[in-house]
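If you're matching them up, the sequences are chains F and S in order. My numbering applies: residue 1 is where the first sequence begins, and numbers increase by one. My numbering applies: residue 1 is where the second sequence begins, and numbers increase by one. For glycine and all other residues, C-beta sits at the position ideal for the given N, C-alpha and C. What follows is one structure encoded as structure tokens, with my remarks underneath.
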Amino acid sequence: MDTDLVKRAQRGDSEAFTSLAVGLGDRFLAVSHRILGDISLAEDATQQALLSIWRDLPKLRDPARFEAWSYRLLVRACYAEGHRGRLWAPNLRLLPVDEPMGADHTDSVIDRDQLERAFRRLTLKHRLVLVLHHYLDLSPDEIADALDVPVGTIASRMHYALRAMRTAIDADAAPTPREVAR
Amino acid sequence: MSTDNDVARALRSWLTENRHEDADRVLDLVFDQVPATPQRRASWLAQRFDEMNGFTRFATVAVGVLAIVIVGLALAKGANIGGPSPTPVPTTAPARLDTLPVGDLAPGTYEIDAIFPVRLSFALPAGFSRGGGDSDDVGIHASAPVQHGIEFQIASNVFPDPCHRSGGAASPPIGPSVDDLVTAMTTLVGFEAGPVTDVTIGGTPAKAFDLTNAIDPATCDQGDIRAFIFAGTGAQSSIGSGQRERIYVMDVAGKRLMIMTYYFANGPYADAAASLEKIVESIHFL
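Now the structure itself:
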């Protein structure tokens, strides 16, 4: 990240901010889409985060830390949008159907739909750490910095998030499920 | 049966597949709003000092120090500067929360009006943001990270076992009274409830109690903890593992209002409870 651009944007140079925002836009949208699972909410979160960056840039003391700081604002926006999304999410639940089990549910091949369903069931906090780690390749230290929590908390969240996904995938694979809208 | 490594590998592959997200539309919206969005300065003095020479900087500090000394001496002597002190009054009317975008909120008094069936106002300190809001739930949370906050909610039913919801919601649904909801909330499986006490909020009698849980969401049948169902939208409220809630239930003009403050007692915001309690104490019903 060009710290000179950051410094200029801190002084109110909107052209410098435009360059920064263009560099962040697609990545922010991709990250928030994966966390929130909804492109409209992701667009709102990205917009909110970029505007927060513009508004609060003068408060950033160390321009070299711009990237971690910007992720923090994106995470904050995702929390806000995630909360809104929860309220509007369709009320779906998985119900087992009385059908004979398939020939083999014990193999380790994970179906893409199962993966997506399991991921959507995770809490926002768990989705956040998984996306930041597995999509952005941030280390637990970098995630802790972005979320402003101890690194031990990140390790714990990653562990429980993967475990919750595995449990959901295994449960999903056992009986043949169908989705029922209530 | 899959392993954590299988899941991590599959997850990484799924997350990194190209989904063609294009932020051009969002960027256009952002750039349209930038000219009308003032930047927040960390400190007026710090900002101005960058542009001052040494003499100006010295002179500014000297004038400031002199002013502080003069005012301090006058106050110490009990001098009456500028006549009797006026009684502090709010300079502006409460801000309508439903007219504000999701995001940071300035300290001040806020009013919840059209978006929620119970009209009320409350005083908010710095460091809070507005979450979502609709006819069942209006949330204010700490700006970052979101570890504590306050929710105003209208609940219609509960999941008696929030970790094992395949058992379904309470059937028949809980009754409409304050006591019905308090009884249901204080007997949730896996939760520990403190004693129910009588309090008054904004002049209205309320029942108050603490709820805690040490549930590992990974052991739950749907991977998370959800305790109650909202009245209008039918949405379900998530509760975090290790989260501590202070819950107030009351009847306000025929509406059963639940106010929930939440925080993590063992987390970095253990002192958040006091700050949230002040917000509750400031509530006025309109």
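- Assigned with DSSP and collapsed to three states, residue 152 of chain S falls in strand.
- Residues of chain S whose Cβ lies closer than 7 Å to the Cβ of residue 25 of chain F are, in chain order, 23, 26 and 27.
- Secondary structure of residue 227 of chain S (DSSP, three-state): strand.
- Scanning chain S for C-beta atoms nearer than 8 Å to the C-beta of residue 21 of chain F yields 27, 30 and 31, reported in chain order.
- Using a Cβ distance threshold of 9 Å, residue 231 of chain S and residue 177 of chain S do not count as a contacting pair.
- Burial check for residue 125 of chain F: the Cβ neighbour count within 10 Å reaches 16 or more, so the residue is buried.
- By the CB criterion at 9 Å, residue 158 of chain F and residue 122 of chain F fall outside the cutoff.
- Across the set S/174, S/279 and S/19, the C-alpha of S/19 shows the shortest separation from the C-alpha of residue 39 of chain F.
- For residue 34 of chain S, the nearest beta carbon of chain F is closer than 9 Å to its own beta carbon.
- By the CB criterion at 9 Å, residue 120 of chain S and residue 159 of chain S fall outside the cutoff.
- Annotation for residue 141 of chain S: no alpha helix (DSSP H) segment contains it, though the beta strand (DSSP E) segment containing it runs 137-142.
- Put simply, the backbone Cα of residue 214 of chain S is about 12 Å away from that of residue 162 of chain S.
- Take the alpha-carbon of residue 151 of chain F and the one of residue 143 of chain F: they are about 8 Å apart.
- Within the same chain, and ignoring the five residues on either side of residue 191 of chain S in sequence, the residues whose Cβ sits closer than 6 Å to its Cβ are 211 and 213.
- Leaving aside the five residues that flank residue 219 of chain S on each side, the residues in its chain whose CB is nearer than 8 Å to its CB run, in chain order, 163.
- Judged by their CB atoms, residue 32 of chain F and residue 21 of chain F are not nearer to each other than the 9 Å cut-off.
- Residue 140 of chain S and residue 113 of chain F have their alpha carbons spaced roughly 34 Å apart.
- Distance from the Cα of residue 111 of chain S is smallest, within the candidate group S/122, S/209 and S/17, for S/122.
- Ranked by Cα distance from residue 196 of chain S, the options S/137, S/181 and S/127 are led by S/181.
- The CB of residue 218 of chain S comes closer than 7 Å to the CB of 160, 163, 164 and 167 in chain F, given here in chain order.
- Residue pairing by DSSP places residue 66 of chain F opposite no residue, since no beta bridge is assigned to it.
- Measuring C-alpha to C-alpha distances from residue 167 of chain F to each of S/125, S/207, S/221 and S/201 identifies S/221 as the nearest.
- Around the C-beta of residue 281 of chain S, fewer than 16 other C-beta atoms lie within 10 Å, and the residue is accordingly described as exposed.
- For residue 105 of chain S, the three-state secondary structure derived from DSSP is strand.
- In the three-state DSSP reduction, residue 112 of chain S falls in the strand class (E or B).
- The Cβ-Cβ distance between residue 154 of chain S and residue 116 of chain S falls below 9 Å.
- Shown here, residue 159 of chain S sits in coil according to DSSP, grouped into three states, outside any helix or strand.
- Beta-bridge analysis with DSSP links residue 259 of chain S to S/152 and S/248.
- Cβ neighbours of residue 271 of chain S within its own chain (closer than 7 Å, five residues either side excluded): none.
- Residue 262 of chain S is a Cβ neighbour of residue 151 of chain S, given a cutoff of 9 Å.
- If you draw a straight line from the Cα of residue 28 of chain S to the Cα of residue 47 of chain F, it comes to about 10 Å.
- Boundaries around residue 201 of chain S are those of the beta strand (DSSP E), 197-201, since no alpha helix (DSSP H) includes it.
- Sequence-distant Cβ neighbours of residue 138 of chain F in its own chain, meaning closer than 6 Å and more than five residues away, are 132.
- Chain F places a beta carbon closer than 9 Å to that of residue 104 of chain S, counting this residue as a contact.
- When C-beta distances to chain S are compared with 7 Å, the residues of the segment 125-138 of chain F below that value are 130, 131, 134 and 135, in chain order.
- The residues 129 and 143, in chain order, have a CB closer than 7 Å to that of residue 104 of chain S in the same chain once the five nearest residues on each side in sequence are set aside.
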